[in-house]
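Trainee: When you line the sequence shown up against the UniProt record's numbering, it's residues 1 to 111, in that order. Note that CB positions come from ideal geometry on N, CA and C, so glycine has one too. This one's a predicted model, so the numbers in the text were calculated from it and none came from an experiment. Okay, handing you the structure first.
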Amino acid sequence: RIAVLTPAYPPFLNLPPFHGAALEAVHLAQCTSGTELRFEIEFRRLAAALAKPDTRLLLLCNPHNPSGRCWSRADLRRIALLCDEHDVLLCSDEVWGELPLHPASAPFTSA
1 RIAVLTPAYP PFLNLPPFHG AALEAVHLAQ CTSGTELRFE IEFRRLAAAL AKPDTRLLLL
61 CNPHNPSGRC WSRADLRRIA LLCDEHDVLL CSDEVWGELP LHPASAPFTS A
């Protein structure tokens with residue numbers, strides 16, 4: 001089982017079945033502040049997905065694709081702790097990580 005934060009870059013959704021694994025979609029919360037829409041990680045939902053005994057991998061995209069959301073250092077640390085706690089591998093796609101659109105953005109490897 002491969003966990004993916006959704007919405008997600010479409011190839012991420014095709015990857016698990018291509019490799020004979022189940023997709024575990026972890027839906028992000030949509031929050032609004034005025035006219036701004038933000039996606040937030042629901043950590044209880046993520047923890048439940050990672051706690052499933054057959055979940056072996058979390059695919060993370062930072063900055064998030066398609067929303068462009070840059071996860072904070074605190075979010076990245078929390079994700080790392082959850083993966084460690086549940087013995088889940090983490091694959092972090094940071095192809096756009098060198099294009100910081102937000103001053104608080106951080107690559108996963110720095111968290």
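1. Looking only at its chain, what residues have a beta carbon closer than 7 Å to the beta carbon of Arg-38, apart from the 5 residues adjacent to it on each side?
2. Can you tell me whether Asp-75 is buried or exposed? The criterion is at least 16 other CB atoms within 10 Å of its CB, across all chains shown.
3. Helix, strand or coil for Arg-69 per DSSP?
4. Based on the DSSP output, what are the partners of Ala-48 in its beta bridges?
5. Contact check, Thr-27 vs Arg-45 under 8 Å by CB: the rounded distance?
6. If you compare alpha carbons, which of Pro-11, Asn-62, Ala-8, Cys-83 is closest to Arg-56?
7. Going by DSSP, which residues form a beta bridge with Ile-2?
8. Spatial neighbours of residue 112 within its chain, please: C-beta separation below 6 Å, excluding the five flanking residues on both sides.
9. Rounded to whole angstroms, what's the CA-CA distance from Ser-67 to Lys-52? Just pull it up for me.
10. Tell me whether Leu-82 sits in a helix, a strand or coil according to DSSP, three-state version.
Mentor: Taking the coordinates as given:
1. Cys-31, Arg-69
2. buried
3. Here Arg-69 sits in coil by DSSP.
4. Answer by DSSP bridge pairing: none, since Ala-48 is not bridged.
5. The sequence given here places His at residue 27; Thr does not occur at that position. His-27 to Arg-45, Cβ: 7 Å. Contact.
6. In this structure, Cys-83 is the residue among Pro-11, Asn-62, Ala-8, Cys-83 with its C-alpha nearest to the C-alpha of Arg-56.
7. Leu-23, Leu-57
8. Because the chain in this structure spans residues 1 to 111, residue 112 falls outside the shown range and cannot be described.
9. 27 Å
10. Three-state result, Leu-82: helix.
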